[in-house]
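Just below is one structure, and these are the notes that go with it.
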Amino acid sequence: MELRDVILLGIDIHGLECADIIARAGRYRLIGYISQNPDYPESYGGYPVLGNEEAIDEYPHAGLIPLKWDSFRHADRWVSLVDPSAFISSTARIGNGCVIYPGCFIGANAVLGKGVLMLHSCTVNHDDIIGDKAILASNVMLAGQVTVGEYVYMGQGSNVRQYVKIGARAFVGMGTVVLKDVPEKMTVIGNPARPYVKT
-5 MELRDVILLG IDIHGLECAD IIARAGRYRL IGYISQNPDY PESYGGYPVL
45 GNEEAIDEYP HAGLIPLKWD SFRHADRWVS LVDPSAFISS TARIGNGCVI
95 YPGCFIGANA VLGKGVLMLH SCTVNHDDII GDKAILASNV MLAGQVTVGE
145 YVYMGQGSNV RQYVKIGARA FVGMGTVVLK DVPEKMTVIG NPARPYVKT
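Put into structure tokens, the structure is as follows:
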């Protein structure tokens, strides 16, 4: 099988891990990174940095893995990266540009939007809906029929009860246990979850 060339959009520690997943998965060949920072290095993790976003057009054949990339300008070229150890139900739907780390579980009828990042050992159960560009840090566990809005950040080890809705751009702190709906843009922490008030 011929490998498809891909470019990682964004330079950070997760890019190094994604390079390892690319090598494990055996579907793609990483040709380099694109940086959002104008002062980018020549290489990163042994791969060339190809330039800024404008350089994407110089590689029209390559698929793009957005990682923590904010722009949707080239979303039609996004491809998803799934570690071979992840379980994805045959009835789940995965949007373009998702990155799914080792040990993740995605259950029946779950839906992931575009550009979702799931770090190690996350559980997305049956009928969950995850919005575009949401980030699930390691060991996040969502019970069934949970809705997570776009650009939500779920902190490491957080847990969400079934039927709960988390509004767009909310922030759920590490280890938080969410038992009821979280409004848009709210930060919650603790067990049970409560609004974070900066002191």
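163 is the number that our numbering gives to position 169 of the sequence shown; each next residue is one higher, with no gaps. We put the beta carbon where it would ideally sit given N, CA and C, even for glycine.
Please look up how many angstroms separate the CB atoms of Y145 and A162, rounded, as I've assumed it's under 8 Å. 6 Å
Are there 16 or more other CB atoms within 10 angstroms of the CB of T85, so buried, or fewer, so exposed? exposed
DSSP on I1, reduced to helix/strand/coil? strand
Would you give the residue range spanned by the beta strand (DSSP E) that I183 belongs to? 181 to 183
Have a look at the DSSP bridge pairing and note the partners of Y22. R(-2)
Pairwise C-alpha distance: V76 and I20: The amino acid occupying residue 20 in the given sequence is Gly; Ile does not appear at that position. The straight-line gap from Cα to Cα measures roughly 10 Å.
Closer than 8 Å is the cut-off here; do at least three beta carbon pairs connect the stretch 60 to 70 with the stretch 33 to 46? no
Could you give the distance in angstroms between the alpha-carbon of D14 and the alpha-carbon of Y22? 11 Å
Please classify D51 as buried or exposed, where buried requires at least 16 other C-beta atoms within 10 Å of its C-beta. exposed
For V134 versus G151, is the C-beta spacing smaller than 9 Å? Their beta carbons are under 9 Å apart, which means V134 touches G151 by this criterion.
Looking at K174 and R155, is the spacing between their C-beta atoms short of 9 Å? Yes, the pair counts as a contact, with Cβ atoms nearer than the cut-off.
Using CA atoms only, rank isn't needed, just tell me which of G91, I82, V73, G89 is closest to C116. I82
Take I1 and list the residues in its own chain whose beta-carbon comes closer than 8 Å to its own, dropping the five residues that flank it on each side. L24, I25, G26, Y27, I28, L44, I50, Y53, A56, G57, L58, I59
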